[in-house]
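Below: the structure, in structure tokens.
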Amino acid sequence: MNSFTFTRARTIADALRSARGDVKFLAGGTTLVDLMKLDVERPAGIIDLNALPLAEVRRTPDGGLHIGALARNSDVAHHPDVVRDYPLLSQALLSGASVQLRNMASTGGNLLQRTRCVYFRDAAMACNKRSPGSGCAAIGGFNRNLAILGTSAHCIATNPSDQNVALTALEATVHVTGSNGERSVPIGDFYLLPGQTPERETILEPGDLVTSVTLPPPAPGAGSTYVKLRDRASFEFALASAAVVVTIKGGVMQRARVAMGGIATKPWRNLDVEAALEGQPATRERFADAAQILLSDAKPQSRNGFKVELAKRCLVHALSVATAVT
Amino acid sequence: MNLQVNGKSFAATPAPGECLRVFLRDLGWFGVKKGCDAGDCGACTVWVNEKPVHSCLYPAFRAEGKEITTIEGLAKGGELHPMQRAFLDAQSFQCGYCTAGMIMTAASLSDEQKNDLPRALKGNLCRCTGYGSIRDAFAGVKNVAPDVAGGSRGASVPNPFAEAIVTGRARYTSDIPPMDGLLHLKVLRSPHAHAKILSIDRSEAMAVPGVVEVFTWEDVPRRLYSTAIHEDNRVDPDDTYLLDNVARFVGQRIVAVVADTEGAAEEGCRRLKVEYEILPAVFDPEEAMEPGAPVLHDDDGDSHILHPEKNVFLELHGEVGSVADGFAEADAIYEDTYNAPRQQHVHLETMQSIAWRAEDGRLHVRTSVQGPFIVKGKLCYLFGIMPADLHVFTERVGGGFGGKQDMMSEDLPLLATIKTGRPVKWEFTREEQFTGATTRHPMKTHVKLGAKKDGTLTAMQFRLVSNTGAYGNHGGETLANGMSGPWAIYKCPNKKGDGYAVYTNLQCGGGFRGYGTGQPTFAVESALDELAALLNVDPIEMRRKNMIGPDDKMESVLEGASDLTMGSYGLDQCVDAVEKALASGRGLPKPEGVDWLEGSGVALSMLDCVPPTEQRSGSEVALRPDGGYHFTVGSVEIGNGLVTAQQQVVAQVMGCPSARVTFLNADTDETPYDSGTFASVGMMVPTKAVENASVALREKMLAFAARTTGTKPEECRLDDGAVMCGDQRMPLAELHSAAKREGEELLCFRKAYGSPRTVAFMAYGVRLAVHRVTGEIRILFNVEAVDTGVVMNPNQVRGQVIGGVVQGIGWALQEKMVYNAAGAVVNPTLRNYRIPAFADAPVTEVFFADTYDDIGPLGAKSIAENTINPVAPAIGNALKAATGVRFTTLPFSEDRIFAKLQGFEPA
Ligand SMILES: Cc1cc2nc3c(=O)[nH]c(=O)nc-3n(C[C@H](O)[C@H](O)[C@H](O)COP(=O)(O)OP(=O)(O)OC[C@H]3O[C@@H](n4cnc5c(N)ncnc54)[C@H](O)[C@@H]3O)c2cc1C
Ligand code: SF4
Ligand code: FES
Ligand code: FES
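Each protein sequence line maps, in turn, to chains A and B. Residue numbers 953 to 1278, in this note's numbering, belong to the letters of the first sequence in order. Residue numbers 499 to 1405, in this note's numbering, belong to the letters of the second sequence in order.
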């Protein structure tokens, strides 16, 4: 690890003021410290956010939920309102990482966690995301766990988060403060596709601080679930995951929200998939139709072709569970 | 900054970028361990304000004003925390390296979390226990039996280190205060699979502040040797140099840098400029044997490589009977090729050593290795040191599994100490364990079996190709082993085998639990099921019909006189027990839904308990002045429970409780010579030496007592704490002083040799469910029946069995090392190389056959090694039963499975 300066921010203004130059915010540190040990991140300065009053989880006036950027993943996962009204978020958080990590990891840090592409994490390898222009060792390399949707010729890395898939299906909004004042961004617009600039993963500008995430009120009577497929039962990033929220009336799907993880360069939502479900009877055949649409533009890489089929199966399985169809 | 650690206030400033783990260890809290330094293993778990965190990812400066609790602070007012007590009662550890972190997580869990352990324990890995005894701790199970005089054999007496382990006081290799002037060593590893080093420019590295010295191939003695630890070093090729001017795999050490800090040493490595001439490389052993393939070693006779021009270190061929005739007689023939891949040991303590020159003028090496005496021999040879001037020893070793049966971390620190005069430490990172250490040999087995209608085998033939990697250490011995047990367990008049240990430009294979037998066992045990299916014979009946009986000759394909004998036989009991357990319907029900398919499978295994090469050990047992006993023995305790068993043997012979027996082991200064703790020798050789010395001491004590008291020798016997001479009771302390007065030493030394050798058997059965949509596999029930002679310590043996089974499940289902086209491992982290966590480990039932071995100590024989062998094939057989599809390549990962499954097809 290189050496760096360390500042503890006491107020949000403090944090924004210090956020000049080559510095990084530190929340739980479970992504940042890990990458600094690997020499992937080498900031000149660290601004510790942990003293900021951003850890609150509370109801919003419209019946939704406010989750502070510093709320710990463990606190969110076990929060009674989350467990009752947004069980999918709780499931997603608990499916990821470990007790110890969730005690450290924060909501904002999780939004911004970096890819698990092995080449990104190895400072000796070519990686456009880490060093723009150096190439992408994953294309044609070990890409079993990388994306088949949203890729470009420059990067095929997945967004590895479980939380963010659930937040996408729940249509969360991300609240940001920066030198240009405050902004609220729907999560669907928050992440960028890699395109020519895989080093840019979100719409955040340098020095922008995520302050909170809000969720709209829960959809009444909806069934939901988070299904995560991975190589072992425990402690593992998703090969494919699906977050679904479905409301059924008389056997017909009225409203469907679907987000996928593990297969795309950002938490993946495709409105055509939802449209293909809404108004249709909740049957395996219809689920399979939707899955077909979801994967119709998939671009498998040399070693992850299996994900096309796996993702379909994952979505069908999640929809079956959420709608109790066997 | 100020913080509280275990209730005490500290003011200390962390170095910039220091994580809490390092900071706490620098303050002397050695209970905070390192298994990965990346948030994957949990060995470093501490509490920050009562909440468990991975201290390796926790920036030290964030601890300001916080209350930190480490394992050392968990007990309050001399009272163990209930979770420490539970771990003690259940003996939930083997090497104990993971235990501190595991307890810190466990002790923080709410009742609700304790009901969901698979999830709650996700952040803590244990490689030894298979989580069985850890599960027991939560269930309040007591796995210890009272330690009564004379009742040691067969009793689950506690591990003598148990208290130290659960309180964080157990000391592993790195757990000593930093020595004055300590230097840290780091190596630059080759980025190329095959390259000649043209030049090394060290000037920029030497300019890094803190860097003290740089060592290249030009600075080391140029002597060929093998890293493999064997008593007879001639079984391994001398094909390795300390540092070489040719790199033969990605990850080979090229240059060593020593510096005042680890950071400076790392920076020094980065600043080295090495100019390579890249040579063509070969990764596939079949290609490596082809004419025109790049040649790895041009042996001019010093390395004793069989066919250097073909990259073949060793070939073995043999036939008994005639397989041609055998196949002609057969009603059905099955053949296919099975691929068994690499597996890394992932002992939680990485390889590490500290070397220094002490005031006595001698050199000392504190290390984590399975054979300190052989290491000493190799070091003396390489550096031209007189044996009397070198001391090599271990304290607690955090797991081995065969991974520490090579000299890998001792030589460079010693070199640096000799050159700089300062103490030098080298600790492998987890990544280096994956790139620069050894693994199980990848082997390809082509198997062909023929049988008559009733299932009687008529011919067995195989071709085994083992990839030994860039160097031949263990390549020959594992090959020979793989050509023996897996084929000798079945009687068949016609057997033929061809085996090749082949060099490639990949990292080396090494010793690993099973030692070359697991890979062919996967092939032959799968093939046997296929053949049974062709003949419509029940797979268990098929085995019963063909497996060797107590009076049968054990015969593989390699003829010649052998000292292998059957000291005991319990294979029949093992097969019966597994069949019965599977039929009982115990275990979890199949998950609901039509997508889940269910199937069962079994497999058998036989293992030689001691290698065919030379193996010896010695032990000294003494009566202590206080009437207890003390023994010394050179074997290493790597978490295999060996010292507990040795204590029990002394106690049993002497008729006292185990706790009366103290010991010292694995120290070239203080203990008798020992060839090393590997190849299932622990019970058979060193423990046999302990038994021999104990028996001799008992006779000596009785003879002395008879003389002193004037009683007839046959009227004297040992009783707990005393000698009974007729009706006269003489406390042992008194006996000791009487002997001392007369100048008689109540101390005996005996040796033991690994000959003749006996065999151990086992059978494994599993019932599992496969999800035909996702390919997910769930183990519903599994049982391993083992024939290990007299079970010296049932709890420890159960632990070894479950640990081996779960390691086998890892190999079968989820562990996979992936290489890129350039021959580099791309997943050298625990996050991407997945060993089983609690959630992956099923509840395993264990059955002990009732046998008494004529060769082993007090009727016992080896156990830990072949527990792993039958697991993968039995799972493969169960998968076949469930899905109708045979999988011939490990691991059986989801994508491979569902890709082959018919049935439900979305869209
Ligand atoms: C071993 C391991 C296993 C894991 N397994 C999983 C898993 O299965 N599923 C999963 O989803 N995740 C997993 N994770 C990832 C984990 O969830 C993330 O590391 C964590 O959520 C990041 O949160 P943090 O608070 O620690 O972030 P930090 O490391 O502190 O920060 C991450 C990034 O976000 C920036 N940042 C943090 N907070 C803010 C803010 N408020 N405003 C602006 N920028 C900010 C930082 O500058 C940094 O670049 C795993 C991590 C590890 C180490
Ligand atoms: S996929 Fe993206 S992150 Fe991975 S190597 Fe390519 S550019 Fe880097
Ligand atoms: S050392 Fe911290 S989790 Fe492994
Ligand atoms: S006892 Fe758990 S790793 Fe050894």
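No residue lacks a Cβ here, since even glycine has one placed at the ideal position from N, Cα and C. Every value quoted in this text rests on a predicted model; they were computed, and no experiment measured them.
Environment of residue i [buried if 16+ CB atoms lie within 10 Å]
i: B/Leu518; result: buried
i: B/Arg1041; result: buried
i: A/Arg962; result: exposed
i: A/Asn1116; result: buried
i: A/Leu1267; result: buried
i: B/His815; result: exposed
i: A/Thr957; result: exposed
i: B/Val473; result: Nothing about residue 473 of chain B can be read from this structure; chain B reaches only from 499 to 1405.
i: B/Pro512; result: buried
i: A/Ile999; result: buried
Residue i Cβ short of 6 Å to ligand 2 heavy atom set
i: A/Pro1150; result: yes
i: B/Ala705; result: no
i: A/Lys1218; result: no
i: A/Phe1072; result: yes
Residue i CB to nearest heavy atom of ligand 4 below 6 Å
i: B/Gly1208; result: no
i: B/Phe926; result: no
i: B/Leu846; result: yes
i: B/Gly594; result: yes
i: B/Arg591; result: One detail in the question is off: residue 591 of chain B reads as Phe in this sequence, not Arg. Yes, Cβ of B/Phe591 sits closer than 6 Å to a heavy atom of ligand 4.
i: A/Arg1010; result: no
i: B/Arg667; result: no
Any non-hydrogen atom of ligand 1 within 6 Å of residue i CB
i: B/Phe747; result: no
i: A/Lys976; result: yes
i: A/Gly1048; result: yes
i: A/Ala1057; result: yes
i: B/Ser1360; result: no
i: B/Asp1124; result: no
i: A/Val1034; result: no
heavy atom of ligand 3 below 6 Å from residue i C-beta
i: B/Asp481; result: Nothing in the structure corresponds to residue 481 of chain B, since chain B is present only between 499 and 1405.
i: B/Leu541; result: The residue asked about is misnamed: residue 541 of chain B is Ala in this sequence, not Leu. Checking every heavy atom of ligand 3 against the Cβ of B/Ala541, one is found closer than 6 Å.
- Quick one, which residues of the stretch 595-626 of chain B are near chain A if we go by CB-CB under 7 Å, in chain order? Of all residues in the stretch 595-626 of chain B, those with a C-beta nearer than 7 Å to a C-beta of chain A are Thr603, Pro616, Arg617, Ala618, Lys620 and Gly621, reading in chain order.
- Query: Which full runs of the alpha helix (DSSP H) of 4+ residues lie inside the stretch 776-845 of chain B, going along the chain?
  - Reply: DSSP runs (the alpha helix (DSSP H)) wholly in the stretch 776-845 of chain B: 783-787 and 821-827.
- Would you list, in chain order, the members of the stretch 535-560 of chain B that have their beta-carbon closer than 7 Å to a beta-carbon of chain A? Residues passing the 7 Å Cβ filter: Asp535, Ala536, Gly537, Gly540, Thr543, Lys549, Pro550, Val551, His552, Leu555, Tyr556, Pro557, Phe559 and Arg560.
- Fully enclosed by the stretch 706-742 of chain B, which beta strand (DSSP E) runs are 3 residues long or longer? For the stretch 706-742 of chain B, whole beta strand (DSSP E) runs of length 3 or above, ordered along the chain, are 709-713.
- In chain order, what residues of the stretch 1368-1384 of chain B put their CB closer than 7 Å to some CB of chain A? So the list is empty, because no residue satisfies the distance condition.
- Query: Any residues in the stretch 687-700 of chain B with a beta carbon nearer than 9 Å to a beta carbon of chain A? Which ones, in chain order?
  - Reply: Against chain A - using a Cβ distance shorter than 9 Å - the residues of the stretch 687-700 of chain B are Pro689.
- Scan the stretch 657-693 of chain B and note each continuous alpha helix (DSSP H) run of 4 residues or more that stays entirely inside, going in chain order. Runs of the alpha helix (DSSP H) inside the stretch 657-693 of chain B: 660-665.
- Item | Inside the stretch 1225-1271 of chain B only - beta strand (DSSP E) runs reaching at least 3 residues | Listed in chain order, the complete beta strand (DSSP E) runs (minimum 3 residues) inside the stretch 1225-1271 of chain B are 1226-1229, 1245-1251 and 1256-1269.
- Meets three-Cβ-pair contact criterion under 8 Å: the stretch 750-765 of chain B and the stretch 711-719 of chain B: Look at the beta carbons and you see the stretch 750-765 of chain B touching the stretch 711-719 of chain B: at least three pairs across the two are nearer than 8 Å.
- Sequence ranges, beta strand (DSSP E) only - wholly within the stretch 912-960 of chain B, length at least 3: Qualifying beta strand (DSSP E) stretches, in chain order: 922-925 and 941-949.
- Touch test, the stretch 1176-1186 of chain B against the stretch 1216-1227 of chain B, Cβ-Cβ under 8 Å, three pairs minimum: With fewer than three CB-CB distances shorter than 8 Å, the stretch 1176-1186 of chain B does not count as touching the stretch 1216-1227 of chain B.
- At a Cβ cut of 9 Å, what residues of the stretch 1259-1289 of chain B count as close to chain A, listed as they run along the chain? Here the close residues are His1269, Val1271, Thr1272, Gly1273, Glu1274 and Arg1276.
- Where in the stretch 1050-1101 of chain A do unbroken runs of the beta strand (DSSP E), each at least 3 residues long, occur, reported from the N-terminal end onward? With a minimum length of 3 residues, no continuous beta strand (DSSP E) run stays inside the stretch 1050-1101 of chain A.
- Query: So does the stretch 1341-1352 of chain B actually touch the stretch 1101-1109 of chain A, counting three or more Cβ pairs closer than 8 Å?
  - Reply: Flag = no, the stretch 1341-1352 of chain B and the stretch 1101-1109 of chain A do not touch.
- Is there contact between the stretch 587-595 of chain B and the stretch 1260-1280 of chain B, where contact requires at least three CB pairs shorter than 8 Å? Judged by Cβ distances under 8 Å, the stretch 587-595 of chain B makes no contact with the stretch 1260-1280 of chain B, as fewer than three pairs qualify.
- Can you list the beta strand (DSSP E) stretches of 3 or more residues lying completely in the stretch 962-1003 of chain A, in chain order? For the stretch 962-1003 of chain A, whole beta strand (DSSP E) runs of length 3 or above, ordered along the chain, are 975-978 and 997-1000.
- Task: Name, going along the chain, the residues of the stretch 1204-1215 of chain A whose beta-carbon falls closer than 7 Å to a beta-carbon of chain B.
- Result: The residues in question: there are none.
- Pick out the complete beta strand (DSSP E) segments inside the stretch 857-922 of chain B, 3 residues or longer, and give them in chain order. Residue ranges of uninterrupted beta strand (DSSP E) with 3 or more members, entirely inside the stretch 857-922 of chain B and ordered along the chain, are 861-865 and 888-891.
- In the stretch 1177-1220 of chain A, which residue ranges form an unbroken beta strand (DSSP E) of at least 3 residues, counting only runs that do not cross its ends? Here the runs fully enclosed are 1192-1201 and 1204-1213.
- Task: Anything in the stretch 503-531 of chain B with a Cβ closer than 7 Å to a Cβ of chain A? List those residues in chain order, please.
- Result: Within the stretch 503-531 of chain B, the qualifying residues are Pro514, Gly515 and Cys517.
- Item | Near-chain B residues of the stretch 1092-1109 of chain A (beta-carbon distance less than 9 Å), N- to C-terminal order | Among the residues of the stretch 1092-1109 of chain A, those with a Cβ less than 9 Å away from any Cβ of chain B are Gly1092, Gly1093, Phe1094, Arg1096 and Asn1097, in the order of the chain.
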